[in-house]
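To keep things clear, I will list the structure first and then write my remarks on it.
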Amino acid sequence: MSLSPSAHPIERLDPTQRTLRRAQYEAFEFELVAQGVLVRNASHANPEDHEYLVTIEDGLPHSCPCPADEHHQGACKHRVAVAIRTSVLEAARNAQRIRELEACGLQATASPPAS
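Position 22, counted from 1, in the sequence shown is what UniProt numbering calls 22; the numbers after and before it change by one each time, with no gaps.
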């Protein structure tokens, strides 16, 4: 089955129900960085040992170096956690667009130029 690019990110990532639940209830913290979104699981006693960089590609959480994303089918809880938090995903998408514009030599602006 092919999903349209306008489908909700969760539909496009196709996580298991268990992964979706964990992405919802675990205490994730997010930090926007140049390469994507740094996801830290504050549910652990040592959150810094449970920190992964989720990359964004084509507007979706694309990859994560965690063992679950590397060894299991479907998106890991870190990628899903980014996808279900609309403000985090949108901020990452916007940052990606700005980097792409800057790579093309264009200046990103918050408002259109004055006429």
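Yeah, the Cβ is synthetic: ideal placement off N, Cα and C, and Gly gets one too.
For the beta strand (DSSP E) containing residue 67, name the first residue and the last one. Position 67 of the sequence shown, counting from 1, holds the residue named residue 67. Not the beta strand (DSSP E): residue 67 falls in the alpha helix (DSSP H), residues 67-71.
What residue range is occupied by the uninterrupted beta strand (DSSP E) comprising residue 31? Position 31 of the sequence shown, counted from the first residue, corresponds to residue 31. That run of the beta strand (DSSP E) goes 28-33.
Selection from 86, 98, 37 that minimises the alpha carbon distance to residue 55: For this step, residue 55 is matched to residue 55 along the sequence shown. Measuring from the Cα of residue 55, the nearest candidate turns out to be 37.
Using 8 Å as the cut-off, can you tell me whether the segment 42-50 makes contact with the segment 97-107, which would need three or more C-beta pairs spanning the two stretches below that distance? no
With 16 other Cβ atoms within 10 Å as the buried cut-off, status of residue 72: In the sequence shown, the residue the question calls residue 72 occupies position 72. With fewer than 16 Cβ atoms within 10 Å of its Cβ, residue 72 is classed as exposed.
Residue 2 to residue 92, Cα distance in whole Å? By one-based count along the sequence shown, residue 2 stands at place 2. By one-based count along the sequence shown, residue 92 stands at place 92. The predicted model places residue 2 with a pLDDT of 49, which falls under 50 and marks its position as unreliable, so this point remains unresolved.
Can you tell which of 76, 83, 46 has its C-alpha closest to the C-alpha of residue 59? Residue mapping note: residue 59 aligns to position 59 of the sequence shown, counting from 1. Answer by Cα proximity: 83.
State yes or no: is the C-beta of residue 88 within less than 9 Å of the C-beta of residue 15? What you label residue 88 is simply residue 88 of the sequence shown in a count that begins at 1. What you label residue 15 is simply residue 15 of the sequence shown in a count that begins at 1. Their beta carbons are not under 9 Å apart, which means residue 88 does not touch residue 15 by this criterion.
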